[in-house]
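Below is one structure, written out as C-alpha cells; the observations come after it.
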Amino acid sequence: MNAQQFELPAGRFDAPKDPAPAASGASGASDRGRGRGEPRNNASGAADNARRPAAATGGGHVGPATAADAQRRQLDALMKHPEREIVLPAAPSKHRAPRGPKDLIHHVAGSTAGAGSGEFHVYRNAKRREEARLRALDEMSEAERADYEFHARAQQFKEEEAAALAKKRSKRQRKKQLQQLRNKKARQEGGQKTGGERATNEDDDDDDEDDSEEEEEGEGGPAEPEAAAASILKPSTSD
Numbered sequence: 001m002n003a004q005q006f007e008l009p010a011g012r013f014d015a016p017k018d019p020a021p022a023a024s025g026a027s028g029a030s031d032r033g034r035g036r037g038e039p040r041n042n043a044s045g046a047a048d049n050a051r052r053p054a055a056a057t058g059g060g061h062v063g064p065a066t067a068a069d070a071q072r073r074q075l076d077a078l079m080k081h082p083e084r085e086i087v088l089p090a091a092p093s094k095h096r097a098p099r100g101p102k103d104l105i106h107h108v109a110g111s112t113a114g115a116g117s118g119e120f121h122v123y124r125n126a127k128r129r130e131e132a133r134l135r136a137l138d139e140m141s142e143a144e145r146a147d148y149e150f151h152a153r154a155q156q157f158k159e160e161e162a163a164a165l166a167k168k169r170s171k172r173q174r175k176k177q178l179q180q181l182r183n184k185k186a187r188q189e190g191g192q193k194t195g196g197e198r199a200t201n202e203d204d205d206d207d208d209e210d211d212s213e214e215e216e217e218g219e220g221g222p223a224e225p226e227a228a229a230a231s232i233l234k235p236s237t238s239d
C-alpha cells in the first residue's frame, strides 16, 4: 500500500490554537502574569472601571449624601403631585392581645398524664400563654368599659351644661326684652310729658301776654276816653 492512501487531510488532527484573548481575559492574564511587587497595567484597569457601574467605581453618588438630602428628595417627590391624596399609616394599637397557644402541638404525647419530663414544659408554656392571653383580653374589655363610661359621663355633662346655658340664655333674653319694653314705655311717657309741658308753657305765655295787654290798657286806656270827653265838653274859645 502506498503512503498516499493513509495521508490525512491537513488541519484535521492539528493541535487547537489559543483563541484571541478578550480585554478582560487579557487583563486577567496580565494580572496573573504580573508579579507580586509589579504595578498593574493601567490600560486594563481603566477598561475594567469603564465596564463597572458608577457607584462601584465611586465616579458618581447614587443615594443621598446626607439626611438633609434624603429629606429634600422626599419633599420634592411629595410636592411634585400636590393633588395626590396622602394616606398616613394607622398608629399601632396600644392594647394588643398576646399570641395564643397552638391548637395542635405536634411531636409530643397526647396527654399530660403520659408526657415525660422533657415534654411537660411544652404544656406548661401553652397554659401560661393561654392565661396571659385571657388576662390581656380581660384588661382590654375593662379598658373599653371604662372608656365607654367616661365618654357617656362626658356626653351627659355636655348635655346638662348645654341645657343650663340655654336656660340662662332664655332668661337673659326675656330680661332684655322686658328692659326694652320699659325703655320704650319710658320714652313714650317722656314724649307725652314733654308735649304737655310744651303746651302748658304756651298757655302760660298766652296768659302773660293777655295780662300785659290788660295792664297796658289799664294804664293808658281809660285816660284817653276822659281826655276825649273833656275836649268835647270844653267850650270853644271862638264862641
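Each step along the sequence shown adds one to the number in full-length UniProt numbering, with nothing skipped, and position 222 is 222.
Here a beta-carbon is modelled for each residue, glycine too, at the ideal position from N, C-alpha and C.
Pick helix, strand or coil for residue i, following the three-state DSSP scheme.
i: His-151; result: helix
i: Val-122; result: helix
i: Lys-102; result: coil
i: Arg-133; result: helix
i: Ala-90; result: coil
i: Gly-191; result: helix
i: Glu-85; result: coil
i: Arg-96; result: coil
Go to residue i, then tell me how far its alpha helix (DSSP H) extends in each direction, as first and last residue.
i: Leu-78; result: 67-80
Under 7 Å between the Cβ atoms of residue i and residue j?
i: Pro-101; j: Glu-130; result: yes
i: Arg-128; j: Pro-98; result: no
Decide if residue i is buried, meaning its Cβ has at least 16 other Cβ atoms within 10 Å, or exposed.
i: Ala-56; result: Residue placement at Ala-56 cannot be trusted, given a pLDDT of 48 that sits under 50; what the coordinates show is reported in the next sentence. Exposed, since its Cβ has fewer than 16 Cβ neighbours within 10 Å.
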